[in-house]
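Each remark here refers to the structure printed beneath this line.
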Amino acid sequence: FTQSFAQTLARESPLAVYHAEDGMPVVPGTVYVGRGHQHLRVAGGAARPRLEVSPEPTALLYRPSADELFASCARVFGGPTLAVVMTGIGKDGVVGAAAVAAAGGMVVTQSRETCAVYGMPRACDEAGLSSAQLTPDEIRELLLQLSPQHAPQRRS
27 FTQSFAQTLA RESPLAVYHA EDGMPVVPGT VYVGRGHQHL RVAGGAARPR LEVSPEPTAL
87 LYRPSADELF ASCARVFGGP TLAVVMTGIG KDGVVGAAAV AAAGGMVVTQ SRETCAVYGM
147 PRACDEAGLS SAQLTPDEIR ELLLQLSPQH APQRRS
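Be aware that the sequence shown starts at 27, since it is given in this note's numbering, and climbs by one per residue.
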């Protein structure tokens, strides 16, 4: 499922989209789709970040875990991190979103009325972690605004 999802996104998005592979370099303005039943994390330093794809830890309830991804981004990138929590069951993402917020980053959740399942976004909203509740279209626009390739040109 994740490979075909990455291919569909690649056709539909103006951003580069890849099915995540272990060791792949992290490039700004690029979308990485995690693999099924594998955690996706960012490792290395902020100057040379790379993806880490692994089934470990297997004891976590969710795999892939948003908590694992968000916490790793907070460790590697700190303040410039944006965590986006979209529709999903349970509370996965709250611990990682808290790490992002503590590092000075920003957390955005999908708006309740647009979620198929308001579990994950609700958990972040109720924890007071979300800076904004946005529709999927608004999330798309935010990501494009923040993408180096698509940000509006500034005049000096």
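Even for Gly, the Cβ is constructed at its ideal location relative to N, Cα and C.
*Does DSSP classify leucine 168 as helix, strand or coil?*
Looking at leucine 168 - three-state DSSP - the assignment turns out to be helix.
_Cβ shell of tyrosine 44 (< 6 Å), same chain only, five flanking positions each side left out_ = Cβ neighbours of tyrosine 44 beyond the five flanking positions: Tyr58.
*Quick one: is serine 156 buried, meaning 16 or more other Cβ sit within 10 Å of its Cβ, or exposed?*
Burial call: buried.
*From threonine 28 to glycine 154, what distance separates their C-alpha atoms?*
Between threonine 28 and glycine 154, the C-alpha separation is close to 31 Å.
*asked:* Mapping the DSSP letters down to three states, classify glutamate 47 as helix, strand or coil.
replied: Here glutamate 47 carries a coil assignment [DSSP, helix/strand/coil].
*So which of Leu41, Asp93, Glu94, Gln159 has the shortest CA-CA distance to valine 134?*
Minimum Cα distance to valine 134 is reached at Gln159.
*Which of helix, strand or coil does DSSP assign to leucine 35?*
In the structure shown, leucine 35 adopts helical secondary structure according to DSSP, grouped into three states.
*Is the CB-CB distance between cysteine 150 and alanine 123 below 8 Å?*
Contact flag set, yes.
*Decide if glutamate 47 is buried, meaning its Cβ has at least 16 other Cβ atoms within 10 Å, or exposed.*
Per the 10 Å Cβ criterion, exposed.
*Residues bridged to glycine 114 by DSSP?*
Per DSSP, Tyr144.
*My guess is that arginine 67 and proline 51 are in contact by the Cβ rule of under 8 Å, so how many angstroms apart are they, rounded?*
Between proline 51 and arginine 67 the Cβ distance is about 14 Å, and since that is not below 8 Å, they are no contact.
*asked:* Tell me the rounded alpha-carbon separation between aspartate 93 and phenylalanine 103.
replied: Those two C-alpha atoms are separated by around 15 Å.
*According to DSSP, what are the bridge partners of histidine 65?*
DSSP output for histidine 65 lists Ser80 as bridge partner(s).
*Run through DSSP, which three-state label would threonine 28 get?*
Per DSSP, reduced to three states, the secondary structure at threonine 28 is helical.
_Closest by C-alpha distance to glycine 114, when choosing among Val79, Tyr144, Pro81_ = Proximity to glycine 114 across Val79, Tyr144, Pro81 peaks at Tyr144, based on C-alpha coordinates.
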